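Before any comments, here is the structure.
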Amino acid sequence: MKSGLAQTQLSGLGELIKNLLNFKFLLIHWKYVLGMICYATSFLTWMFLLSKQALSMIYPLTVGIIYALIMISSVVFFHEQFTVYKIIGVVLIGLGILLLLK
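Remember, the numbering used here sits 49 above the position in the sequence shown when you count from 1.
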């Protein structure tokens with residue numbers, strides 16, 4: 050039993066070292082660096098917005114804008130169809146944002 054536990058600890062240490070080496074690879078690869086930069090930028094933007102307005106105002110505003118941007122980018126990048134219902138949805142989101150800002 051003791052030898053099995055010792056083997057587990059050694060393999061756990063080996064896995065830890067392997068994971069640390071993989072993390073070093075993540076810092077070198079440009080896609081991961083770009084992802085980390087985008088994540089940090091979004092976090093800093095969110096903190097800046099929260100310092101200027103209340104959460105009850107910022108959250109619905111950003112969620113509405115993100116839904117509209119995702120819908121538009123799916124048409125542009127993935128060539129999805131822009132149906133009448135999607136157009137109505139984007140218009141309603143826009144109206145909701147306008148009502149929130151007043």
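Heads up, the beta-carbon is just placed ideally off N, CA and C, and yes, glycines get one too.
These figures come from a predicted structure and were not determined experimentally.
- In the DSSP annotation of this structure, the continuous segment of the alpha helix (DSSP H) that includes F97 starts and ends at 79-101.
- Per DSSP, F131 is not a residue of any alpha helix (DSSP H), being assigned neither H nor E.
- Under the Cβ criterion (8 angstroms, minimum of three pairs), the stretch 134-145 counts as touching the stretch 108-122.
- One Cα belongs to V82, the other to L76, and the distance between them is close to 6 angstroms.
- DSSP places K151 outside both helix and strand once states are collapsed to three, so it counts as coil.
- Taking C-beta atoms as the reference points, I86 and L99 fail to come closer than 8 angstroms.
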